[in-house]
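Below: one structure, written as structure tokens.
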Amino acid sequence: MTRFHKTSAGNVPYTAEEETARDIEEQAWADGEDARELDAIRAQRNHLLSETDWMANSDVVMTDDWKEYRQALRDITNNNTIYADVVWPDKP
């Protein structure tokens, strides 16, 4: 399918070189999908962990439930690669 530049003079078709460059850009974007999914999972995981970081202080006794919750968050990227499929652990 031919791509076009939209200009004030109308639509101008891409040159062969522009088509090739755009195809390479689109392939690079598609190839990075897995990395973007993992980045999103890690970002949410890190946010949830940061909400409970205060419990990891030496003067706070963390319950086993909280330890398990935090460990489940740390392990979340071991078995998940698609953000929409992640089952996030419930806070105790």
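Take the sequence shown: its letter number 58 is residue 58 in the numbering used here, and every next letter is one higher. Beta carbons are placed, not taken as given, at the ideal position from N, Cα and C, and that holds for glycine.
I'd like to know whether the C-beta atoms of residue i and residue j end up nearer to each other than 8 Å.
| i | j | result |
| --- | --- | --- |
| Thr-77 | Leu-38 | yes |
| Thr-20 | Pro-13 | no |
| Trp-66 | Pro-92 | yes |
| Ile-41 | Asn-80 | yes |
Using DSSP with H/G/I as helix, E/B as strand and the rest coil, what is residue i?
| i | result |
| --- | --- |
| Thr-7 | strand |
| Trp-88 | coil |
| Asp-59 | coil |
| Ile-24 | helix |
| Asn-80 | coil |
Pull up the DSSP beta-bridge partners for residue i, would you.
| i | result |
| --- | --- |
| Pro-13 | Phe-4 |
What's the call for residue i, buried or exposed, on a 16-neighbour Cβ count within 10 Å?
| i | result |
| --- | --- |
| Arg-70 | buried |
| Arg-74 | exposed |
| Arg-22 | exposed |
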